[in-house]
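**Student:**
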Amino acid sequence: MRHILITGVSSGIGYACLKYFIEQGCHVFGSVRKAEDATRLSETFGVNYTPLLFDVTDSEAIRSAVETVKTELGEGENLFGLVVNAGIQIPGPILYLTREEMRYQFEVNVFGGLEVIQRFVPLLRETHQSKPGRIVHVGSTSAAITLPFTSFYSAAKSAMHSLCDTLRRELMIYGIDVVDIYVGPVNNDLVAKVASYKERYKDTDYYPAITMRLDGALKKNIPNGLLPEAVAAAIFGSLTSSSPKHRYALNKDWFNTWFLPTMLPHRLLDRIIAKKWKMRPVDFGKK
Amino acid sequence: MKYIVVTGASGGIGFETVRYLLEKGFYVFGSVRTGADAAKLAGLFPRNFTPLIFDVTDEAAMSAAAEQVKAMLGEQNLAGLVNNAGMVVTGPILHMPKEKMRQQFEVNTFGPLVLCQLYFPLLRSRDGKPPGRIVNVSSLSAEIALPFMGPYSASKRALSNLAHALRREFYPYGIPVIDILPGRVKTGIVDTLAVNAADFSGTDFEEGMTRYLDSAQYLRDRGLSPEVVAATIYRALSDASPRLRYVRPYKYFSRWKIPVNLPTRVLDRLLAKRLRLLPGFLKNKNTL
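Here the protein sequences line up with chains A and B, keeping their order. Sequence positions in the first sequence follow this note's numbering and run 298 to 584. Sequence positions in the second sequence follow this note's numbering and run 864 to 1151.
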């Protein structure tokens, strides 16, 4: 029996992973923050799902979850995989983000994600009957493509990518592999949830640009994005492949959302972005 | 007269940058953390230099210093903000306390961003005067995450990533944002590594960590001279059309071109072999 731990399974990619992995015959430990989510998921998935109740920013709760998992696994069993998925997105222009917001973005996506890895590494290690497990970080293409108004999310994802490099090199001593998956636009409600943020910037020069970017995302990029089920299948593939790549980039519209933005010269991309969202000096000069 | 703010001016790259920019005829505000350092620098640089006292984690002191600069500039623009202040946290990432991670990012990532916010009104174009520039001193570690340099690499990676965001968001205001990636520089930073290392004795990474420190000691007197980086910062501030990124490796091929062009899995193995991180080096095989 393969045991896999996933953080943030209440919705989105985490939920899709939970469902997909159970269909593939795995037993899943999935973390949620609310007790009612734990009950709801337990009712849906039955014995193949063990709920863990913790917020990735809560060190104590993570520690007690480790004990729960250890007991459940029993002698000789280890975790086949750890999927670091839980994350948040705090959008906004850098000029107006508070230090508190910068911190919180990193507390959840970077420090929290790292702490989960640190605590569960002992359970991923080789036992006399199973090979060492594998760590998969659910990253984002924004780690490589930095667009205006999602800067701190990008920064957090790129910091995690760097930490995946470090972890992959350092955890080699235990035979534990680490894979980062850059996920492109996904067809879920993550952006819709935070769309109201733009009202805070009503009186700034950036308001028209923020509005245009959000509208574009909600009308075009998100509905045309990857399905969470497809992401789940790719994550499962990276967990089970005998020779995984160190990084995967998942995109539905590969040419426009990955190839072009990563291959074009930065300066040219700067100008394209500025023209597209009316962020040229002439656009701001009018006021 | 052109006015520049340089953070972390008490030693290393910051100190050399202040000296270099003064020679080139700039007026420099240099930030230090203690009154003693401020007095020392004021003594060394009697003309065209004003020390600012703040730590990049202390928002009140940062705001007060920005007010001080604003008052001195009057109607004039700030020609540049050089975000140089930084620190290094090292050690195996598996055993890194959260508090140390936080501290690393507070200083290397959030601090520079808050300074960009604070100096933005002085940097942007006013009354037809050309806008100033932002120069961030990142590191090659942003591109090559060496073992035991996890927190530092990640914080610099985030900073370099933010340089793209800053450049794109400040584009309409005409403020250029330039990222500088120096390789190993001859500074006192090696001494701080040894202090960090003691915290991780007894872990499975002890041997690798020892080898890592040995190589750091060996390179102590062999890195880039801080003056090379200072000259690059000057170029970033003064070139008519600056590049968006200046890479200054200590050795062009062995420490930049080769590592970034090798297949990642090959580099993983090379680094792991060198730093005793291959599975064969694990002494204590017992789990749990």
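Even for Gly, the Cβ is constructed at its ideal location relative to N, Cα and C.
Taking any Cβ of chain B, which residues in the stretch 444-455 of chain A have a Cβ under 9 Å from it, in chain order?
**Tutor:** Result list: Leu444, Pro445, Phe446, Thr447, Ser448, Phe449, Ser451, Ala452, Ala453, Lys454, Ser455.
**Student:** Verify the CB distance criterion: does B/Met964 have a CB-CB separation below 7 Å to chain A?
**Tutor:** Chain A contact via Cβ: present.
**Student:** What residue ranges within the stretch 517-547 of chain A form continuous alpha helix (DSSP H) runs of no fewer than 4 residues, ordered along the chain?
**Tutor:** 525-537, all fully within the stretch 517-547 of chain A.
**Student:** Can you name the start and end residues of the alpha helix (DSSP H) that A/Phe403 belongs to?
**Tutor:** Where A/Phe403 is concerned, the enclosing alpha helix (DSSP H) stretches over 396-403.
**Student:** Taking the beta strand (DSSP E) that A/Ile588 falls in, what are its first and last residues?
**Tutor:** Residue 588 of chain A is absent from the model: chain A starts at 298 and stops at 584.
**Student:** Would you call the stretch 1020-1027 of chain B and the stretch 985-1001 of chain B in contact, with 3 or more CB pairs under 8 Å?
**Tutor:** Because the criterion of three Cβ pairs below 8 Å is met, the stretch 1020-1027 of chain B and the stretch 985-1001 of chain B touch.
**Student:** Out of A/Leu536, A/Thr554, A/Glu320, point me to the one whose CA is closest to A/Asn521's CA.
**Tutor:** The shortest C-alpha separation from A/Asn521 is found at A/Thr554.
**Student:** Taking 7 Å as the cut-off, decide whether the C-beta atoms of B/Phe917 and B/Ala928 are in contact.
**Tutor:** Yes.
**Student:** Give the straight-line distance between the Cα atoms of B/Arg910 and B/Ala934, rounded to the nearest whole angstrom.
**Tutor:** Taking the straight line from one Cα to the other gives about 18 Å.
**Student:** Have a look at B/Gly954 and B/Phe1063 and give me their C-alpha separation to the nearest angstrom.
**Tutor:** Rounded to the nearest angstrom, the two C-alpha atoms are 7 Å apart.
**Student:** Starting from the Cα of A/Pro445, find the closest Cα among A/Arg510, A/Asp352, A/Leu547 and give me that residue.
**Tutor:** Here the closest residue by C-alpha is A/Arg510.
**Student:** Could you have a look at B/Leu1138 and say whether DSSP puts it in helix, strand or coil?
**Tutor:** B/Leu1138: coil per DSSP, three-state reduction.
**Student:** Consider the Cβ of B/Tyr1160: report whether some Cβ of chain A lies at a distance smaller than 7 Å.
**Tutor:** Because residue 1160 of chain B is not part of the residues shown, which for chain B are 864 to 1151, the question remains open.
**Student:** Could you check which residue in B/Gly949, B/Leu944, B/Thr972, B/Met959 has the C-alpha nearest to that of B/Thr982?
**Tutor:** Note on residue identity: the sequence assigns Tyr, not Thr, to residue 982 of chain B. For B/Tyr982, the nearest C-alpha among the options comes from B/Leu944.
**Student:** Does A/Thr438 pass the burial test, meaning 16 or more other C-beta atoms within 10 Å, or should it be called exposed?
**Tutor:** Per the 10 Å Cβ criterion, buried.
**Student:** Could you tell me the boundaries of the alpha helix (DSSP H) in which A/Thr365 lies?
**Tutor:** A/Thr365 -> alpha helix (DSSP H) spans 356-370.
**Student:** Looking at chain A, which residues of the stretch 1134-1151 of chain B have a Cβ within less than 7 Å of any of its Cβ atoms?
**Tutor:** For the stretch 1134-1151 of chain B, which is checked against every Cβ of chain A, the residues closer than 7 Å are Leu1134, Ala1135, Leu1140, Leu1141, Pro1142, Phe1144, Leu1145, Thr1150, Leu1151.
**Student:** Buried or exposed: where does A/Asp512 fall if 16 or more other Cβ atoms within 10 Å of its Cβ makes it buried?
**Tutor:** Under this definition A/Asp512 is an exposed residue.
**Student:** At a Cβ threshold of 7 Å, is B/Val1054 touching chain A?
**Tutor:** Just to set this straight, residue 1054 of chain B is Asp in the shown sequence, not Val. Chain A contact via Cβ: absent.
**Student:** Could you please tell me which residues of the stretch 555-569 of chain A, in chain order, have their CB closer than 9 Å to any CB of chain B?
**Tutor:** Within the stretch 555-569 of chain A, the qualifying residues are His563, Arg564, Leu566, Asp567, Arg568.
**Student:** Mapping DSSP to helix, strand and coil, what is A/Gly436?
**Tutor:** DSSP places A/Gly436 in strand when its eight states are reduced to three.
**Student:** Hey, out of B/Gly888, B/Gly906, B/Tyr866, B/Pro914, whose CA is closest to B/Ala872's CA?
**Tutor:** With distances taken between Cα atoms, B/Ala872 lies closest to B/Pro914.
**Student:** Using C-beta distances below 6 Å, list every residue in its chain close to A/Ala529, excluding the 5 sequence neighbours before and after it, in chain order.
**Tutor:** Ala313, Cys314, Tyr317, listed in sequence order.
**Student:** For A/Arg465, is the classification buried or exposed, using 16 other Cβ atoms within 10 angstroms of its Cβ as the cut-off for buried?
**Tutor:** Answer is buried; the Cβ neighbour count reaches 16.
**Student:** Have a look at B/Glu886, B/Tyr883, B/Gly874 and flag the residue whose alpha-carbon is nearest the alpha-carbon of B/Asp900.
**Tutor:** For B/Asp900, the nearest C-alpha among the options comes from B/Gly874.
**Student:** Starting from B/Ile1043, follow its DSSP beta bridges and name the residues at the other end.
**Tutor:** B/Val1000, B/Tyr1109, per the DSSP bridge assignment.
**Student:** If you follow the beta strand (DSSP E) that B/Tyr866 is part of, which residue opens it and which one closes it?
**Tutor:** Looking at the DSSP string, the run of the beta strand (DSSP E) that includes B/Tyr866 is 866-869.
**Student:** Taking only three categories from DSSP, how would you classify B/Tyr1115?
**Tutor:** It is coil, neither helix nor strand.
**Student:** What separation, rounded to the nearest whole angstrom, lies between the Cα atoms of A/Gly371 and B/Val895?
**Tutor:** Each residue's alpha carbon lies about 55 Å from the other.
**Student:** So within the stretch 963-1023 of chain B, which uninterrupted alpha helix (DSSP H) runs reach at least 4 residues, ignoring any that extend past its ends?
**Tutor:** Whole alpha helix (DSSP H) segments, 4+ residues: 974-986.
**Student:** Give, in chain order, every residue of the stretch 1012-1028 of chain B whose Cβ lies closer than 9 Å to some Cβ of chain A.
**Tutor:** Here the close residues are Met1012, Gly1013, Pro1014, Ser1016, Ala1017, Ser1018, Lys1019, Arg1020, Ala1021, Leu1022, Ser1023, Asn1024, Leu1025, Ala1026, His1027, Ala1028.
**Student:** From A/Asp477 to B/Ala902, what does the alpha carbon distance come to, in whole angstroms?
**Tutor:** Approximately 48 Å between the Cα atoms of the pair.
**Student:** Could you name the residues of the same chain whose beta carbon sits closer than 6 Å to that of A/Phe351, not counting the 5 residues immediately before and after it, in chain order?
**Tutor:** Excluding residues within five positions, the ones whose Cβ falls inside 6 Å are Ser328, Ala358, Ile359, Ala362.
**Student:** For chain D, check one thing: does any of its Cβ atoms lie closer than 7 Å to the Cβ of B/Lys887?
**Tutor:** The structure shown contains no chain D; its protein chains are A and B.
**Student:** Consider the Cβ of A/Thr395: report whether some Cβ of chain B lies at a distance smaller than 7 Å.
**Tutor:** So no, A/Thr395 is outside the interface.
**Student:** So what's A/Leu376 in DSSP terms, helix, strand or just coil?
**Tutor:** Reduced to three states, the DSSP call for A/Leu376 is coil.
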